[in-house]
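Student: Questions regarding the structure given below will be posed in turn.
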Amino acid sequence: MSVYAHSLPVPETLQTNSRNPTPETLENGLLRTFKSPFELKQIHAQIIKTNTPPSVLQLSHVASICALTSSFPYARTIIHLSGKHETAVWNSCLKDFAQSESPDDAVRLFSRLCEHGICLDAFTFSFVLKACTKLLDGLGGRVIHGFIEKLGFQSNLYLQNSLVHLYVVSGEIDSVRQLFDKMPDRDVVSWNIMIKHLVKMGNVDEAYNLFSMMPERNVRSWTSMIMGFVQCGKPKEAVDLFTKMEEEKLCPNEVTVVAVLSACADLGALDLGKKIHEFANRSGFKRNIRVCNTLLDMYIKCGCLVAAYSVFEEMEQKTIVSWSAMIQGLAINGKGEEALILFSKMIHLQIKPNGVTFIGLLYACSHMGLVHKGRQYFASMSRDYGIVPQIEHYGCMVDLLSRAGLLKEAHEFIKSMHIKPNGVVWGALLGGCRVHKNVELAEEAIKHLLELDPLNDGYYVVLSNIYAEAKRWEDAARVRKLMREKGVKKTPGSSSISLDGVVHEFVAGDDSHPQTEVIQQTWEKLLEEMRLRGYVPNTSVVLLDIEESEKVRFLYRHSEKLAVVFGLINTANGTPIRVMKNLRVCEDCHAALKLISEIVDRKIVVRDRNRFHCFENGVCSCKDFW
DNA sequence: GTAGGGTTAG
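Here you go:
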């Protein structure tokens, strides 16, 4: 079906889009293929001379030209002469524009088609909607929607789905619901779009409800749902769903692999990650850059730098994402120097860094105490690469200065910021105040933090620690009281370790594990040896208002200690122990794990909230700087 | 010739 759009006035929204061509559009857009302004005439001459009509492709070149020049009627003449179906030619052109770097050219061409009363069909709309989707142009979408209704295409399922999707990506929530609810027919695509919508709204439970109710599910449905869980911070659910998908004998594709690998990265689930890696190799997914980048990230987040590096090395093509991930990976694994060297190598290869690359670099500097170098990178990002520092970069800089003990300077830096500092920025200062014992500035930081992020328990805990270390017990008690009043509870420390694919979780103070007794006995034995090597429990990390002996008892049941001891008991001598922790490792556990690695002669890798600690022969890869 | 997932930071 096709309809002439003669009678339709071109709405203003679309007219504003139909700006005149600029050198940039000509350079960036599809019109790079536009060789000379004489092309039109050449094609015209060809038709007349040889009597061979040009192909649709050639003609869509003509159309490309006309979209931006005044020779629209002339182009129509040529298309008519060619004997090709005019709508097909324009559609081909719209499709190219929609796929190009400047999809707004498609919108502009569409306006011209309307102005000149060209016959439109469903394909015309689908292409222009694709362009609007790419542009996140919900308003333009509404206008096209109006056209679709007026011209009688409203029952076309392709167009319905395209419209719903456009409303999803452009955030027109009300329109999404309205349109979806009154759709006469829905297919698996419609449902998949709704999953994306609900996930985007953060409503992953409802998305899963919908997923369960769907009349039909394909690989994309499963993948969208798995990815939805990952995006909503539920990697465990993502992995569980993936297992169900395998049970249904559905074959994962590249996107599924990316989703599951992301979940593995979040969980630190190395075993499953390795399996997916093998599957990806078998399936020939290695050529897919996103698969490789996610794989690389998975190994990094699981603390397997060597495996990550070999994925990186083997990649046929690397993007800035690969480089940035590798730089950050080295940095969080205590290989800051290597991170900086890799960056130099990248620059040498003339690869342009982006904002994320600099986050990794600044992080590396911060964790090595390289203040000068960090300042240089910060200055260089805008000066040499035109990257405007974002709030994350400011956060890194405050962290760098604060860790190095330059607290006043860090504070000045915050005050001079051009954007409003957020919780991360003030939190970095607070962290530095703890290490360098500056109560006064800590109080300044907390003042802002209580405004910005009053429900974040971490800040209260740090402040209370700072007071406790300064022996200001009343103030420490006051902070705890404040927490109670605000209903803020300290997140319990929790560590997990995976053995033979089973994840064992330990929460601080937890003695519910079936092996609790053996864990206690082993710990006692280790403790004797640790004491001989100079270990003294550091009870300042315990915030509770309890007797000293109670504090020690508490300290000995910190989750990372429990998980590590459990690992020692249940694995063969020499096997590395890998533990994931939800919070940062405490000072006491850090000291204890260094000694334990020496006593039992094992590598112990702990991933905390921020980075990796690799304990080996009595030292930690973080060089006690974290 | 038309519609629906994906990578580094957080």
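Last residue of the first sequence? That's 626 in full-length UniProt numbering, and every number before it is there in order. We treat Cβ as the ideally placed atom computed from N, Cα and C, and that holds for glycine.
Tell me which same chain residues have a C-beta within less than 7 angstroms of the C-beta of Ser212, skipping the five on either side of it?
Tutor: Taking the first residue of the first sequence as position 1, residue 212 is located at position 212. Once the five neighbours on either side are set aside, Ser212 has no close Cβ partner at all.
Student: Between which residues of its own chain and Glu529 is the CB-CB distance below 7 angstroms, once the five residues before and five after are set aside?
Tutor: Position 529 of the first sequence, counted from the start, is the residue given in the question as residue 529. So the list reads Ile599, once near-sequence residues are dropped.
Student: Which same chain residues end up closer than 8 angstroms to Lys373 when comparing Cβ atoms and leaving out the 5 residues on each side of it in sequence?
Tutor: Sequence index remark: in the first sequence, residue 373 carries index 373 (1-based). Excluding positions up to five away in sequence, the list reads Leu340, Cys365.
Student: Using only the alpha-carbon positions, how far apart do Gly117 and Ser111 sit?
Tutor: Numbered from 1 along the first sequence, position 117 holds the residue referred to as residue 117. Numbered from 1 along the first sequence, position 111 holds the residue referred to as residue 111. Approximately 10 angstroms between the Cα atoms of the pair.
Student: Work out the CA separation of Lys130 and Arg108 for me, nearest whole Å.
Tutor: If you number the first sequence from 1, residue 108 lands on position 108. If you number the first sequence from 1, residue 130 lands on position 130. Looking at the two C-alpha atoms, the distance is approximately 13 angstroms.
Student: Taking the beta carbon of Leu243 as the centre, do at least 16 other beta carbons fall within 10 Å, making it buried, or is it exposed?
Tutor: Residue numbering aside, residue 243 sits at position 243 when the first sequence is read from its first letter. Reading the sequence as shown, one finds Thr at residue 243 and not Leu. Label assigned to Thr243: exposed.
Student: Using the beta-carbon count (16 or more within 10 Å), is residue 666 buried or exposed?
Tutor: The structure shown does not extend to residue 666, since the chain spans only 1 to 626, so no value can be given for it.
Student: Just to confirm my understanding: we take Pro235, look at its own chain, exclude 5 residues before and 5 after, and list those with CB closer than 6 angstroms. What are they?
Tutor: Taking the first residue of the first sequence as 1, we reach residue 235 at position 235. Taken in chain order, the residues that qualify are Ala263, Asp266, Leu267.
Student: Considering only C-alpha positions, which residue in the set Gly336, Gly138, Asn156, Leu135 is nearest to Thr124?
Tutor: Taking the first sequence and counting its residues from 1, one reaches residue 124 at position 124. Checked all of Gly336, Gly138, Asn156, Leu135; the closest Cα to Thr124 is Asn156.
Student: Compare the beta carbon distance of Leu305 and Asn281 with 8 angstroms and say whether it is the shorter of the two.
Tutor: Counted from its first residue, the first sequence places residue 305 at position 305. Counted from its first residue, the first sequence places residue 281 at position 281. Cβ distance not < 8 angstroms, so Leu305 and Asn281 don't count as in contact.
Student: Let me know the alpha helix (DSSP H) ranges lying completely inside the region 404-476, each 4 residues or longer, listed in chain order.
Tutor: Complete alpha helix (DSSP H) runs here, min 4: 407-415, 423-435, 439-452, 457-469.
Student: My output table needs one value for Glu616: the three-state DSSP class, helix, strand or coil.
Tutor: Translated into the one-based positions of the first sequence, residue 616 becomes position 616. Note: Glu616 maps to strand in three-state DSSP.
Student: Mind checking whether Tyr460 and Leu429 have CB atoms under 8 angstroms apart?
Tutor: The residue labelled residue 460 in the question sits at position 460 within the first sequence. The residue labelled residue 429 in the question sits at position 429 within the first sequence. For Tyr460 and Leu429, no; Cβs fall outside 8 angstroms.
Student: Once the 5 residues before and after Met183 are set aside, which same chain residues still bring their CB inside 7 angstroms of it?
Tutor: Within the first sequence, the letter at position 183 stands for residue 183. Closer than 7 angstroms at Cβ, skipping near neighbours: Gln160, Ser190.
Student: Leaving out five residues before and five after Leu441 in sequence, what residues of the same chain have Cβ atoms less than 7 angstroms from its Cβ?
Tutor: Walking along the first sequence from the start, residue 441 turns up at place 441. Within the same chain, Leu441 has close Cβ partners Leu407, His411, Leu429, Cys433.
Student: Can you tell me whether Ser494 is helix, strand or coil according to DSSP?
Tutor: Your numbering for residue 494 matches position 494 in the first sequence. Of the three classes helix, strand and coil, the one that applies to Ser494 here is strand, per DSSP.
Student: Helix or strand or just coil, what does DSSP make of Leu370?
Tutor: Start at 1 with the first residue of the first sequence, and residue 370 comes out as number 370. Three-state result, Leu370: coil.
Student: Excluding sequence positions up to five away, which residues of its chain have a Cβ less than 8 angstroms from the Cβ of Ser498?
Tutor: Counting from 1 along the first sequence, the entry for residue 498 is found at position 498. Hits under 8 angstroms: Gly268, Ala269, Leu270, Asp271, His504, Arg578.
Student: Could you give the distance in angstroms between the alpha-carbon of Ser162 and the alpha-carbon of Ile148?
Tutor: For the purposes of this step, residue 162 is identified with residue 162 of the first sequence, where counting begins at 1. For the purposes of this step, residue 148 is identified with residue 148 of the first sequence, where counting begins at 1. Roughly 12 angstroms separates the two Cα atoms.
Student: Quick check on the DSSP output: the beta strand (DSSP E) that includes Val503 runs from which residue to which?
Tutor: Residue 503 sits at position 503 when you count from the first residue of the first sequence. 502-507 is the extent of the beta strand (DSSP E) around Val503.
Student: Who pairs with Met580 in a beta bridge, going by DSSP?
Tutor: Working through the first sequence from its first residue, we reach residue 580 at position 580. Answer is Ser496, Arg607.
Student: Is the beta carbon of Ser597 closer than 8 angstroms to that of Ser495?
Tutor: Numbered from its first residue, the first sequence carries residue 495 at position 495. Numbered from its first residue, the first sequence carries residue 597 at position 597. Not closer than 8 angstroms, so no.
Student: In its own chain, which residues sit with a C-beta less than 7 angstroms from the C-beta of Val176, not counting the 5 before and 5 after it?
Tutor: Indexing the first sequence from 1 puts residue 176 at position 176. These residues qualify, in order along the chain: Val164, Tyr167, Val168, His197.
Student: In terms of residue numbering, what span does the alpha helix (DSSP H) encompassing Val260 cover?
Tutor: Walking along the first sequence from the start, residue 260 turns up at place 260. 254-267 is the span of the alpha helix (DSSP H), which, as asked, contains Val260.
Student: By the DSSP assignment, the alpha helix (DSSP H) with Leu157 in it spans what residues?
Tutor: What you label residue 157 is simply residue 157 of the first sequence in a count that begins at 1. Element bounds for Leu157: 157-169.
Student: With a CB to CB cut of under 8 angstroms and the five nearest residues on each side skipped, what residues in its chain are close to Arg383?
Tutor: The sequence position of residue 383 within the first sequence is 383, counting from 1. Counting only Cβ-Cβ distances below 8 angstroms, and skipping sequence neighbours, we find nothing.
Student: Between the Cα of Glu338 and those of Gln350, Ser324, Val488, spot the shortest distance and give me the residue it belongs to.
Tutor: The sequence position of residue 338 within the first sequence is 338, counting from 1. Among Gln350, Ser324, Val488, the Cα nearest to that of Glu338 belongs to Ser324.
Student: Assuming the contact rule is C-beta atoms closer than 8 angstroms, Tyr535 and Ala572 should be a hit. Round their C-beta distance to whole Å, please.
Tutor: By 1-based counting over the first sequence, the position of residue 535 is 535. By 1-based counting over the first sequence, the position of residue 572 is 572. Going by Cβ atoms, the distance from Tyr535 to Ala572 rounds to 26 angstroms, so no, they are not a contact pair.
Student: What number of angstroms, rounded off, separates the C-alpha of Ile347 from the C-alpha of Asn354?
Tutor: Counting from one through the first sequence, the residue named residue 347 turns up at place 347. Counting from one through the first sequence, the residue named residue 354 turns up at place 354. Cα to Cα, Ile347 sits roughly 11 angstroms from Asn354.
Student: Among Ser402, Ser126, Glu485, whose alpha-carbon lies nearest the alpha-carbon of Ile144?
Tutor: The count along the first sequence starts at 1 and reaches residue 144 at position 144. Ranking the options by Cα distance to Ile144, first place goes to Ser126.
Student: On a CA-only basis, which of Ala563, Arg609, Glu444, Met225 is nearest Met245? Give me that one, please.
Tutor: Mapped onto the first sequence, residue 245 falls at position 245. Checked all of Ala563, Arg609, Glu444, Met225; the closest Cα to Met245 is Met225.
Student: What do you get for Asn209, buried or exposed, if any count of 16 or more other CB atoms within 10 angstroms of its CB means buried?
Tutor: Stepping through the first sequence from its first residue, residue 209 is reached at position 209. Under this definition Asn209 is an exposed residue.
Student: If we call anything under 8 angstroms between Cβ atoms a contact, is Thr223 one with Val255?
Tutor: Taking the first sequence and counting its residues from 1, the one referred to as residue 223 is at position 223. Taking the first sequence and counting its residues from 1, the one referred to as residue 255 is at position 255. Yes, they are a contact pair.
Student: Can you tell me where the beta strand (DSSP E) with residue 628 in it begins and where it stops?
Tutor: As displayed, the chain neither begins before 1 nor continues past 626, which places residue 628 out of reach and without an answer.
Student: Mind reading off the beta-carbon distance from Cys622 to His367? Whole number of angstroms is fine, and I expect it under 8 angstroms.
Tutor: Against the first sequence, residue 622 aligns to sequence position 622. Against the first sequence, residue 367 aligns to sequence position 367. Cys622 to His367, Cβ: 7 angstroms. Contact.
Student: Given a cut-off of 8 angstroms, decide if Pro537 and Asp588 are closer than it, judged by their beta-carbon atoms.
Tutor: As a first step, residue 588 must be located in the first sequence, where it is residue number 588. As a first step, residue 537 must be located in the first sequence, where it is residue number 537. Cβ distance < 8 angstroms, so Asp588 and Pro537 count as in contact.
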